[in-house]
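Notes for the one structure printed next.
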Amino acid sequence: MSGERKNTITKSATANTTTKKGLSQGQANILIAIVAMTWGCSYLLMKIGLTGMPPFSIIALRFCIAFITVALVFLPKMKLMNLRTLGYGSILGLLLFGVFAFLVPGMKYTTASNAGFLVGIVSVFVPVVHSFLKHKLPSNVQLLESFWLYLESAC
6 MSGERKNTIT KSATANTTTK KGLSQGQANI LIAIVAMTWG CSYLLMKIGL TGMPPFSIIA
66 LRFCIAFITV ALVFLPKMKL MNLRTLGYGS ILGLLLFGVF AFLVPGMKYT TASNAGFLVG
126 IVSVFVPVVH SFLKHKLPSN VQLLESFWLY LESAC
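To get the working numbering, take the position in the sequence shown, counting from 1, and add 5.
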């Protein structure tokens with residue numbers, strides 16, 4: 006990355022402004038709200054889907070829909086992807102598949118809201134696991150955020 010381009014990105018990120026290709030704070034907030042609503046609704050749809058489809062068919066359908074959507078949106082960038090990025094993406098994809106491999110079959114035996122709670126509570130434990138791996142206590146801000154996420158997931 007050239008020094009000139011790097012400085013532009015750093016300045017725009019620290020100033021919290023938009024660039025020609027970036028999103029405004031309002032647009033980003035709207036998109037994150039849409040993602041949260043879509044993610045939340047997906048638990049109900051998976052629960053409904055379990056009445057007529059096997060769990061791994063639901064997972065396959067979900068992953069195929071996600072791949073097609075991402076491919077259509079990011080096709081130009083996907084053409085520029087290198088093998089290292091593909092490898093990292095594959096590892097993350099396998100981890101995500103592992104989560105769904107336990108989540109979707111488990112939804113047969115619990116409610117959609119409980120499944121959403123159990124997956125959502127993971128965000129509380131991320132700073133804790135990070136602390137153990139890095140041998141460093143989380144900051145006060147991270148502790149406050151984790152506590153807030155815990156309260157939100159309990160509601």
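Even glycine gets a Cβ: it sits at the ideal position worked out from N, Cα and C.
Remember, predicted model here, so these are calculated numbers, not experimental data.
Would you tell me roughly how many angstroms separate the C-alpha atoms of residue i and residue j, rounded to the nearest one?
i	j	result
T74	V127	26 Å
G98	N145	32 Å
I37	G57	31 Å
G27	F122	32 Å
L100	T43	21 Å
F137	I96	22 Å
A33	G92	28 Å
I53	Q147	36 Å
I35	A41	10 Å
L80	F72	11 Å
L156	I70	32 Å
G94	T115	31 Å
G45	G103	19 Å
Is residue i near residue j, with beta carbons less than 8 Å apart?
i	j	result
A120	M112	yes
P60	P110	yes
V134	S151	no
Could you give the C-beta distance for residue i and residue j, rounded to a whole number, given that I count them as a contact under 8 Å?
i	j	result
A76	M83	6 Å
I63	L55	7 Å
Could you spell out the range, first to last residue, of the alpha helix (DSSP H) harbouring residue i?
i	result
M42	30-54
S119	Here residue 119 is Asn; the residue named in the question, Ser, does not match the sequence. Residues 117-125.
M83	60-84
Y93	88-111
Cα-Cα, which of the options is closest to residue i?
i	options	result
W153	F102, G125, H135, S136	G125
M51	S136, L123, L36, A117	A117
L66	N34, F79, S47, P81	S47
L49	K139, L149, L108	L108
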